[in-house]
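In our numbering, the protein residues as written are 320 to 974.
Ideal Cβ placement from N, Cα and C applies to all residues, glycine included.
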Ligand code: ATP
Ligand code: MG
């Protein structure tokens, strides 16, 4: 292929700019100098960030990259993650500070100070030891969003056991394969949790999973809902075993490269991978990015990340980052619409949340529900808003800023992955003049670029593959038990570069815009068109709430664009007619150019999403190409595909 060939079209033009509020810029944790400082001496920069932590033994070498792509960060250093996240704050006299304001879905709540957390983590660590867990063993954690979840993770980290948190919505089969893959010795679970207003059982799923997992010696069960559960010989109750333990436990230091956790990717592209993260580099980057990207002031801020701890966002930005920084956070068990659609905003009002971090899918859902809902609450405590998980469409970004952030808070669109461990590309809220829809620039200390299919940087205005060019502290170390797959999946597409699987473009200023997964890119009449840009154009129509687009085989154009659209509930009956579809197609053509005009648009009630809230385009491609729909097991709601397939027969393709 020739080098001049366009790799990915750049169609969307967005001219709105939002400079940081003056007050925030003046007092920002990180200023523009950080970029230069890191560029001048990247390893020196990361060594200074590592000094945010408390090390038992200092490292000999910041980075050993002698055997790429297997990195060793802070080689020779030793530290304890739980000590860094809990004990050191208590020792510094901040034991009475709240670590978590926990809010249960039914409205119960618990306040957990750093001193409380220290006692609970110590007791849980002692209990794990009593159950025979030793440094280097793996522990599977399958819990709802209750305080015992971060407590379990920290207890594992404290004794050097590697945790593997499995999202509480996963099936017995998914849990079993993850337990087997990691050879977990103990599973920590609960009788159940609350979801959508009722108790939802977890223990039966674990019982089914561990029937055929010989590695599991004990199942440690937290009582949350009080539901009847079957009791097996291997079961022990948290309330019995943990509660009677000593509140003292001396944290031992672990090697900087000691395995901290395994976490499976969310499965958008099928076949989940067990991503391995280690200790010193991970905690360094997570603590730094949480401080820098959210401008966290631990004395005054109340921080809330609405993700589930079962995803990497929850690991890094509910548990490890905020705790390493001594923050006060909200932890919420349930869904945003239980018991009513204003629940999140009610929680923000109640705890005076000042920093809020959520996903574009949630923002678009709130847009669909209507502006009047957040308007009923006092959200004036908010000062920074964050987004993660998918590209955020400009319309969703602007709505978030206007209706949640009172038109004044910066929105930080943070690009990263399970594999990167922490945020890689994001605005800095006190520095960057934000562009709606752009993740902007790699953070200080991160070297990333957009390259063409030859691995050469594209010029400003061009699109291509997003790559990371230098190792970073929180990078994955391997795929658990499969070094070969690690090398093949991430390091073989371009020599010496980490390829993330995502497409991106650089605008005229060199700022980065994420364009979705390269596997989803559509090839229309010789142009590579990103799903993200067409979706953003559709969502910018005043009657559209959500959209997903895919490429379907077309005899004339190679691939043609097929769109699935959810109208705003306020849009009324007119969205049913042929006129509306034409209006939408013309709107896309006007926004992006005729090349991006969808061949078909289907009005649908819902979109297929993974349990982490990402659109699963692979299934929509099946519908668009009139095939029977593929594997739906990782969908949050598998009945969604039936609703969409019903519409399949009415697909009309005009001109
Ligand atoms: P799998 O790898 O199993 O398909 P996944 O990629 O969905 O699962 P995650 O690691 O949770 O699992 O998600 C990372 C991906 O999410 C990124 O590669 C990117 O496609 C998308 N993403 C995350 N944040 C952003 C963002 N701010 N802008 C654009 N895309 C994002
Ligand atoms: Mg991925």
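| query | result |
| --- | --- |
| Any non-hydrogen atom of ligand 2 closer than 8 angstroms to residue 737 Cβ | yes |
| Segment contact, 8 angstroms Cβ cut-off, at least three pairs: the segment 454–470 with the segment 643–656 | yes |
| Beta-carbon spacing of residue 571, residue 934 below 9 angstroms | no |
| Start and end residues, beta strand (DSSP E) containing residue 886 | 877–886 |
| Beta bridge counterpart(s) of residue 486 as assigned by DSSP | Bridge partners of residue 486: none, in fact. |
| Three-state secondary structure (DSSP) of residue 348 | coil |
| Simplified DSSP assignment, three categories, for residue 586 | coil |
| Ligand 2 heavy atom lying under 8 angstroms from the CB of residue 585 | yes |
| Contact check, residue 704 vs residue 730, beta carbons under 9 angstroms | yes |
| Helix, strand or coil at residue 692 according to DSSP, with G and I counted as helix | helix |
| Euclidean distance between Cα positions of residue 847 and residue 782 | 9 angstroms |
| Spatial distance of residue 908 from residue 882 (CA atoms) | 13 angstroms |
| Neighbourhood of residue 890 by C-beta, 6 angstroms cutoff - its chain only, sequence neighbours within 5 removed | 862 |
| Residue 740 Cβ short of 8 angstroms to ligand 2 heavy atom set | no |
| Paired residues, beta bridge with residue 706 - DSSP | 677 and 732 |
| Distance CB(residue 655)-CB(residue 635) smaller than 9 angstroms | no |
| Expected contact under 8 angstroms - CB spacing of residue 579 and residue 601 to nearest Å | 6 angstroms |
| Burial state of residue 822 (16 or more Cβ within 10 Å) | buried |
| DSSP-derived helix/strand/coil call for residue 634 | helix |
| Close-in-space but distant-in-sequence residues of the same chain around residue 335 (CB under 8 angstroms, 5 per side omitted) | 713, 717, 754 and 755 |
| Nearest candidate by alpha-carbon position, reference residue 480, set 742, 503 and 904 | 503 |
| Contact test: residue 820 Cβ vs ligand 2 heavy atom, cutoff 8 angstroms | yes |
| Residues near residue 450 by beta carbon distance below 6 angstroms, same chain, minus five either side | 505 and 537 |
| Identified DSSP bridge partners for residue 496 | DSSP output for residue 496 lists no bridge partner at all. |
| CB-CB length for residue 596 against residue 644, believed under 8 angstroms | Not confirmed; about 18 angstroms, so no contact. |
| Residue 632, buried or exposed, once every other Cβ within 10 Å from all chains shown has been counted against 16 | buried |
| CB of residue 263 within 9 angstroms of CB of residue 388, strictly | Outside the displayed span of the chain (320 to 974) sits residue 263, for which this structure offers no information. |
| 9 angstroms Cβ cutoff met for residue 396 and residue 378 | yes |
| Nearest-angstrom Cβ-Cβ length linking residue 777 and residue 770, presumed shorter than 8 angstroms | 6 angstroms |
| Residue environment, residue 659, which counts as buried when at least 16 other CB atoms sit within 10 Å | exposed |
| C-beta contact flag for residue 483 and residue 443 at 9 angstroms | no |
| 8 angstroms contact criterion, which residue 767 and residue 794 should meet: CB distance rounded | With 8 angstroms as the limit, residue 767 and residue 794 do not qualify as a contact, their Cβ atoms being about 12 angstroms apart. |
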